[in-house]
Amino acid sequence: MKSVATENHAEEIRNLYEQGKREEALEYAIGVYADSGEGFEEVRDWAAKADTAERLTILALALCASHDYKGAKKTANRGIKASEEEVRDSVQQGLAAGILRGLERIVEDYGEAVGVKANNHHTYLVRGEAKAGLGDTKGAIADYDKAIKIKEDFCWAYNSRGEAKVKLGKRKEAIADFGEAIKYKADCYPAYYNRGLERYEIGMKEEAIADFGKAIEFRPDHYLAYFDRSCAQYDLGRYGEAEADCDKVIEIKDDYYQAYCNRGNARNKLGKTEEAVADFDRALELRKDYPTAYFNRGNMKYWQGKYQEAIADYDKALSLRRKDSKAYYSRATSKYFLGRYNEAISDYNKAIRFKTDYYQAYHDRGLAKQLLGRNEDAITDYGKAIKYKPDFRSAYGSRGKAKLSLGMYEEAIADYDKMLEIEADYIAYFHRGYAKGLAGKGEEAMADYDKALELKPDLWQAYNNRGDARSKQGRYEEAITDFDKAIEAHGENPMAYCNRGNAKLELGRYNEAIGDYDKAIGYNPENYLAYDGRAKAKEKLGMTEEAKADYGKALELNPKTKEVDGKSEEDSDE
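Dropping the structure here:
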């Protein structure tokens with residue numbers, strides 16, 4: 001039943017009881033316990049002189065508050081026994097009076113006795129709390145059931161039964177119980193809070209936010225409700241609202257380190273980098289062994305491109321939480337971007353060890369292996385990623401590239417087909433076109449480049465590759481138009497200039513071809529194909545010595561100079 005801290009209300013409980021308002025005293029005590037159980041020290045001292053079922057119940061509550069659940073259970077049992085004795089006493093008094101005054105008084109007194117019996121719903125509730133504290137969840141539920149049977153509208157019993165059902169994994173039933181508690185007590189903020197927690201866990205983020213809001217409405221200093229609402233707001237991308245909720249948490253409880261960590265995450269998303277760092281630092285000041293803060297600060301540094309600093313934070317997180325698959329994965333990715341591929345693979349291995357279905361780790365390990373030339377191993381990893389996530393487009397795309405490297409053109413095309421089946425975008429059309437070109441399917445390749453350009457008209461690589469395919473068909477004028485488009489979309493483009501030079505060379509436009517080769521060499525002085533093409537153009541123009549010089553340069557750059565295709569596979573990876 002516990003929620004947030006409150007003051008010591010011992011005097012109020014005592015006054016109500018001594019005024020003969022025992023039912024009110026019990027209700028008040030239960031409400032105080034529902035807040036946090038704090039402030040019961042004086043209550044325990046007073047209630048220790050228990051002489052009634054109500055006072056025993058209050059004592060049992062006080063013992064629960066101090067985590068003496070065995071003592072609480074024993075005391076609650078005494079309370080239940082005392083209430084039963086009160087029933088028997090009332091019945092006996094009624095029978096005695098009946099002998100003297102007739103049946104009417106017997107019925108009247110027996111009714112009073114039943115009323116006394118009904119009042120022990122509080123005691124069953126408290127015994128349930130004691131059993132819950134001792135780990136006897138099913139026994140606790142049995143007591144809450146009894147309390148509800150005695151008093152159908154007993155909101156606290158519904159709330160506590162809901163908490164017990166959460167422990168048993170019966171989340172839907174728990175949510176229903178919290179709803180019943182709210183039905184019978186509209187301002188039962190612990191029930192709103194508890195229902196919000198469970199709704200959050202099953203992905204009902206908006207409903208959870210509404211519940212946390214109601215808890216705050218009835219208890220404005222409920223810092224846990226603010227905190228959990230901030231988590232839901234963050235998950236929905238409402239980073240400003242998440243930050244504001246964390247502000248409230250810190251205003252109420254300035255040593256709540258988790259709030260600093262959450263606010264740091266929100267501020268990072270809002271671009272408040274320095275403030276985010278300060279929040280993570282503050283969280284670590286409050287709790288030096290807080291792995292989540294190290295992990296989150298590491299993530300922030302990762303997104304800033306500060307990979308070495310990120311690795312240092314992931315190291316700290318892993319020293320505190322050694323089986324954290326996400327931290328291993330993130331450290332691996334930082335090492336990947338530093339070019340430390342073997343170290344990255346080692347960390348991906350550990351991430352997978354602790355989370356065997358970690359499809360993203362399989363995929364990224366494949367990328368690292370591919371960069372080390374281990375294409376077969378990479379293909380295996382991409383297959384694992386697809387096994388655990390059949391609609392993982394990136395894995396199909398990456399596997400397609402690895403297969404192209406091994407000359408497995410048809411298999412690569414099949415992977416790009418799968419990408420398009422999941423989602424038809426320019427990336428998949430472009431890569432499939434490239435694969436079809438390598439497989440000698442020029443017309444189909446051009447059709448795919450056409451589709452890619454429909455979806456992304458400034459995709460210079462598609463213009464370049466379509467131009468190359470048209471050149472191979474002798475359609476030089478159309479090819480030149482494509483190379484023009486490629487250069488228009490991406491001016492510093494040595495490949496497109498070289499390819500356009502080749503097309504012009506075929507058309508006998510030697511001076512224009514030389515101009516294009518000059519441009520290609522200007523952007524990439526190591527472009528041996530441009531030197532070779534320029535040599536041919538100069539030779540056609542009778543510039544023999546200059547042609548020899550260009551041939552010599554081409555051979556210097558690549559002793560095995562030979563004709564290769566002029567296609568590009570450059571594109572954003574997926």
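Going by UniProt numbering, the first residue of the sequence shown is number 1, and it counts up by one from there.
Yeah, the Cβ is synthetic: ideal placement off N, Cα and C, and Gly gets one too.
In this text, all values refer to a predicted model and were calculated from it rather than measured experimentally.
Compute the Euclidean distance between the alpha carbons of residue i and residue j, then round it to the nearest angstrom.
i, j, result
"residue 33", "residue 65", "7 Å"
"residue 509", "residue 407", "35 Å"
"residue 399", "residue 533", "34 Å"
"residue 405", "residue 547", "34 Å"
"residue 135", "residue 186", "30 Å"
"residue 482", "residue 263", "51 Å"
"residue 293", "residue 169", "29 Å"
"residue 557", "residue 527", "8 Å"
"residue 323", "residue 197", "26 Å"
"residue 397", "residue 359", "14 Å"
"residue 167", "residue 127", "17 Å"
"residue 79", "residue 24", "17 Å"
"residue 450", "residue 496", "18 Å"
"residue 388", "residue 179", "37 Å"
"residue 464", "residue 231", "48 Å"
"residue 63", "residue 199", "31 Å"
"residue 420", "residue 428", "6 Å"
"residue 352", "residue 385", "11 Å"
"residue 415", "residue 290", "43 Å"
"residue 542", "residue 505", "14 Å"
"residue 437", "residue 403", "14 Å"
"residue 368", "residue 286", "38 Å"
"residue 426", "residue 484", "20 Å"
Helix, strand or coil: which one does DSSP assign to residue i?
i, result
"residue 44", "helix"
"residue 461", "helix"
"residue 328", "helix"
"residue 527", "coil"
"residue 254", "coil"
"residue 456", "coil"
"residue 560", "coil"
"residue 580", "Residue 580 is absent from the structure shown; the chain starts at 1 and stops at 574."
"residue 334", "helix"
"residue 424", "coil"
"residue 588", "Residue 588 lies beyond the range of the chain shown here (1 to 574); nothing can be said about it."
"residue 190", "helix"
Does residue i pass the burial test, meaning 16 or more other C-beta atoms within 10 Å, or should it be called exposed?
i, result
"residue 430", "buried"
"residue 460", "buried"
"residue 349", "exposed"
"residue 580", "Since the first residue shown for the chain is 1 and the last is 574, residue 580 is missing from the structure and cannot be characterised."
"residue 15", "exposed"
"residue 303", "exposed"
"residue 371", "exposed"
"residue 83", "buried"
"residue 159", "buried"
"residue 366", "buried"
"residue 67", "exposed"
"residue 440", "exposed"
"residue 233", "buried"
"residue 216", "buried"
"residue 507", "exposed"
"residue 474", "exposed"
Less than 9 Å separating the beta-carbons of residue i and residue j?
i, j, result
"residue 531", "residue 554", "yes"
"residue 296", "residue 246", "no"
"residue 177", "residue 162", "yes"
"residue 462", "residue 452", "yes"
"residue 336", "residue 363", "no"
"residue 498", "residue 517", "yes"
"residue 54", "residue 10", "no"
"residue 227", "residue 189", "no"
"residue 413", "residue 378", "no"
"residue 122", "residue 147", "yes"
"residue 341", "residue 330", "no"
"residue 124", "residue 174", "no"
"residue 171", "residue 201", "yes"
"residue 72", "residue 130", "yes"
"residue 521", "residue 494", "yes"
"residue 327", "residue 345", "no"
"residue 252", "residue 221", "yes"
"residue 298", "residue 325", "no"
When you compare the CB of residue i with every CB in chain D, is at least one pair closer than 9 Å?
i, result
"residue 332", "Absence of chain D from the displayed structure is noted, only one protein chain being present."
Item to complete: Would you mind listing the alpha helix (DSSP H) stretches within the segment 339-405 that are 4+ residues and don't spill past its ends, in chain order?
Response: 341-354, 359-371, 375-388 and 393-405
Discussion item. In chain order, what are the residue ranges of uninterrupted alpha helix (DSSP H) at least 4 long that sit wholly in the UniProt repeat "TPR" (257-290)?
Written reply: As far as the UniProt repeat "TPR" (257-290) is concerned, its whole alpha helix (DSSP H) runs of at least 4 residues are 257-269 and 273-286.
Worksheet item: Hey, which unbroken runs of the alpha helix (DSSP H) at 4 residues or more fall wholly within the segment 124-162?
Response: 137-150
Worksheet item: Along the chain, which unbroken stretches of the alpha helix (DSSP H) at least 4 residues long are found entirely within the UniProt repeat "TPR" (291-324)?
Response: 291-303 and 307-320
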